[in-house]
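>
Number of protein chains: 2
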Amino acid sequence: MSSKKISKSPKKIGANLAQVADAAGVSKMTVSRILRDSGGFSENTRARVMREIDRLGYVPNRLAAAFGSETSSTLVGVCVPRVTSRLYGEVLESIDRTLFRFGYQTLIGANEELPDVEEKWLRGLLSWRPAGVILSGRNHSAATLELLKASSTPVVEIWDLNTSPLDVSVGFNHFDCGYEMGHFLIGRGRRRIGYVGTLPTTTTMGSTRFEGFSKALTAAGHPLVATELLHDRSSFYAGYYGTENLLSRENNLDGIYYQDDEMAIGGLFFCNSRGIDIPGQLAIAGWGGMEAASILPQRLTTTMVSTHGVGKQAAEVLVARLRDEPCKEVVVVPTRLVPGATA
Amino acid sequence: MSSKKISKSPKKIGANLAQVADAAGVSKMTVSRILRDSGGFSENTRARVMREIDRLGYVPNRLAAAFGSETSSTLVGVCVPRVTSRLYGEVLESIDRTLFRFGYQTLIGANEELPDVEEKWLRGLLSWRPAGVILSGRNHSAATLELLKASSTPVVEIWDLNTSPLDVSVGFNHFDCGYEMGHFLIGRGRRRIGYVGTLPTTTTMGSTRFEGFSKALTAAGHPLVATELLHDRSSFYAGYYGTENLLSRENNLDGIYYQDDEMAIGGLFFCNSRGIDIPGQLAIAGWGGMEAASILPQRLTTTMVSTHGVGKQAAEVLVARLRDEPCKEVVVVPTRLVPGATA
DNA sequence: CTTTGTTACGTTACCGGTAACCTACATTAA
DNA sequence: TTAATGTAGGTTACCGGTAACGTAACAAAG
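Protein sequence lines correspond, in order, to chains E and H. Here the first sequence stands for residues 1 to 343, numbered as in our numbering. Here the second sequence stands for residues 1 to 343, numbered as in our numbering.
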């Protein structure tokens, strides 16, 4: 068992602005201007300075820049419920990629759907004086709101649409997604429909779809028959045993709507294992447009969503916001119900 | 279409150290000491200062702290191939959670398995003078190595084990995983075995398992019969059509090893759709211990790994490293071959 | 009674950029 | 010709913490 003992890192990288300036025979300010391309220098000087930067291996100190001017932070905090989730992971990836292109750095956080965790994270984030924040959901603690207001940090709320956002918001219309699917199942002649999902925690994430769905059924005169809400996070297995529970309570359902595709696929597998005929005996519908659905023996009836679109647009709106360009207050990312072979 | 135009954010949060100090009738230094709990103050003073901090809503400026002392950065950069991957996502989540507990912030990056992207990301990261870096894989560009050396930033390499790490390394022994599975399949009487995976990019990620597997087969006198490497990232669908391709070329295989569980499940579905008897006619084995496997009609033969363990240990090792505590140079996270019903 | 040590602070000097303002010099318009 | 304008810089004064060092008051040891 080998072990390492290491001296305190001196943390001095190559050269600083002053040294570059000295070497090039100009002032710090000129080098700074050249690096930020803010004009006021000749091409000649620029070439000389760039040569010295390269020679000295200068790595800019954004810490000093952000500290010194406050307006020049390129740090953006992003908080999602979980990193371990295909949907949020994709959003995160798109955000990161887009922000990176614009020259921003992404600081991530996972709130685990708890406003308190989010608040604690935000407190830490704000100590870095970020240029902006991207939060998910619309349930935030009072202290969170106050912190954001006090720091006047631009905020983009994603995922869940928000008609009166803190600042700006980008997301799906979950209510409509649910309503549309409810309407669709009714149209397919289903009359005794159930729902399987996870218990909404203090945040509203996801449960809005449930509301829309339920409303559509009620409006059609065939209200929801049974609901199974699990004390667990969404997963294939949660869908599997959620279906088992639901069907053991209500054995004559003719349709089930799931919180998402992952759970729907789990449900589909349960039905397969018990010889339940899909969609003859039972219709199954999910949400999210999961890639895994493409290899199923039956294509899943679901709502396709562009997580990529949410991430990209959220990042773009934030950047516009940071550059003081006008931007929409609410961006609705479209979704599309895609009938498959399961409903 | 409503739009927002916003004034430049002043970015002045509540009070600063000096104002807190004034309000409490002490010097800045005393407040600083109290906040960092570095001793040299009385309980009486502490209480008074804390009261003022609370009253004024003071949010520390870590930017200033990190800038001023360089040793006190609490920023850690983490670069994984992709955020959108169950395995890496879990690693990321564990790292973030663990580092958060120790008071560090995580700056993420995705290198897309390209050393150049990693290098570009690292250059940006270093401009924040981070306390440490966690990189995945062991294939880094020359400039990356030089940057790390010049900045003398502690580095933890994860995922792929590295017997001569840059600094310290935490991961799985992929070679042994592959070898063990090869040995296992041979033991089950398989003789004409194939492999389905994705093309290794410039990084070595994943291909080490392939090498170990291949070696085991050769050692047993039944070398690999066919290989299908896809120009695509791992996914259920990649496993599905990879299997289709492989079997169309070699129709008398009696076993297939997959790069990971996701692809193995895809392969399993292909076989189901074509009526291929598993494991009678063909054995299937994956790697990773994916949750989805739990709902399959047949339990998948796979190697269970603790992504959580890698993340947690990587973070812990880094923290130890930052605190100048002695730590192991190489941490091997154990894996376990779990025979299922598919091989 | 002096020396030494400890506790609880205060002072000073940075860290490396950037905003704001200033200064030559050249060019152009009135 | 003179004033106005533009170009390519330089100067200065911060931003908000922290390391390093200084100091007064008091206690215990020799």
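Built from N, CA and C at the ideal position, the CB exists for glycine as well.
(1) If you draw a straight line from the alpha carbon of E:Glu118 to that of H:Lys28, how long is it in whole angstroms?
(2) When the Cα atoms are used, what is the spatial distance from E:Cys177 to H:Pro223?
(3) Counting only Cβ pairs nearer than 7 Å, list the residues of chain E close to H:Ser235.
(4) Return the chain-ordered ranges of every alpha helix (DSSP H) run that is complete within the region 20-105 of chain H and spans a minimum of 4 residues.
(5) Any idea what DSSP makes of H:Gly242, helix, strand or coil?
(6) Per DSSP, what kind of secondary structure is E:Trp121 in: helix, strand or coil?
(7) How far does the beta strand (DSSP E) with H:Leu135 in it extend, from its first residue to its last?
(8) Name the chain H residues that come within less than 7 Å of E:Asp176, Cβ to Cβ?
(9) Rounded C-beta distance between E:Ser94 and E:Gly311? I'm assuming under 8 Å.
(10) H:Met304 bridges to which residues according to DSSP?
(11) E:Ile186 lies in the alpha helix (DSSP H); which residues open and close that run?
(12) Would you report the Cα separation of E:Ala343 and E:Met290, rounded to the nearest angstrom?
(13) Determine whether the beta carbon atoms of E:Ala285 and E:Tyr240 lie at a separation below 8 Å.
(14) Near E:Pro200, what residues of its chain come up, given a Cβ to Cβ distance below 6 Å and the 5 sequence neighbours on each side ignored?
(15) Whose C-alpha, out of H:Glu228, H:Ala226, H:Thr198 and H:Arg249, is nearest the C-alpha of H:Ser235?
(16) Compare the C-alpha of H:Leu148 against each of H:Pro165, H:Leu161, H:Trp159 and H:Asp160 and name the closest.
(17) Check the C-beta distance from H:Val20 over to H:Glu70 and give it rounded, since I have them as a contact under 8 Å.
(18) Keeping to the same chain, check which residues put their C-beta closer than 7 Å to that of E:Arg191; ignore five residues upstream and five downstream.
(19) Starting from the C-beta of H:Lys328, find all residues in its chain whose C-beta is less than 8 Å away, skip the five residues before and the five after it, and write them out in chain order.
(20) Could you work out which residue in H:Arg97, H:Ala110 and H:Val196 is closest to E:Gly89 when comparing CA atoms only?
(21) Kindly confirm or deny that the region 178-185 of chain E and the region 212-220 of chain E touch, where touching means at least three C-beta pairs closer than 8 Å.
(22) Please name the residue, chosen from H:Ile158, H:Leu247 and H:Val225, that lies closest to H:Ile276 on a Cα-to-Cα basis.
(23) Is E:Glu52 close to chain H? Criterion is C-beta to C-beta, closer than 8 Å.
(24) Over the uninterrupted alpha helix (DSSP H) stretch that includes E:Ala226, give me the two end residues.
(25) Find out if the Cβ-Cβ distance for the pair E:Asp96, E:Thr84 is shorter than 8 Å.
(26) To the nearest angstrom, report how far apart H:Arg46 and E:Glu157 are at their CA atoms.
(27) Tell me, which residues are paired with H:Asp277 by DSSP?
(28) Pop quiz: H:Phe213 and H:Tyr179 are said to be a contact at Cβ under 8 Å. What is the actual Cβ separation, rounded to whole angstroms?
(29) By DSSP's criteria, E:Ile256 is part of a beta bridge. Which residues make up the other side?
(30) Just to confirm before moving on: does the CB-CB distance between H:Leu268 and H:Leu296 stay below 8 Å?
(31) Go ahead and pull the three-state DSSP assignment for H:Ala320.
(32) In whole angstroms, what separates the C-alpha of E:Ala18 from that of H:Ala264?
(33) DSSP on E:Ser248, reduced to helix/strand/coil?
(34) Does the distance from the C-beta atom of H:Thr307 to that of H:Leu87 stay below 8 Å?
(35) Just the C-alpha distance for E:Thr98 and E:Val225, rounded to the nearest angstrom, thanks.
In terms of the structure at hand:
(1) 30 Å
(2) 52 Å
(3) Glu291
(4) 28-36, 43-56, 62-69 and 86-101
(5) helix
(6) helix
(7) Gly132 to Ser136
(8) What E:Asp176 touches in chain H: nothing, since even the nearest Cβ is about 19 Å away.
(9) 3 Å
(10) H:Gly288 and H:Arg336
(11) His174 to Gly187
(12) 16 Å
(13) no
(14) Ser207
(15) H:Thr198
(16) H:Pro165
(17) So it is not a contact: roughly 23 Å between Cβ atoms.
(18) His222 and Asp254
(19) Val168 and Val317
(20) H:Ala110
(21) yes
(22) H:Leu247
(23) no
(24) No alpha helix (DSSP H) contains E:Ala226, which is instead part of the beta strand (DSSP E) from Ala226 to Leu230.
(25) no
(26) 38 Å
(27) None; H:Asp277 has no bridge partner.
(28) 7 Å
(29) E:Gly194 and E:Ile284
(30) yes
(31) helix
(32) 57 Å
(33) helix
(34) yes
(35) 44 Å
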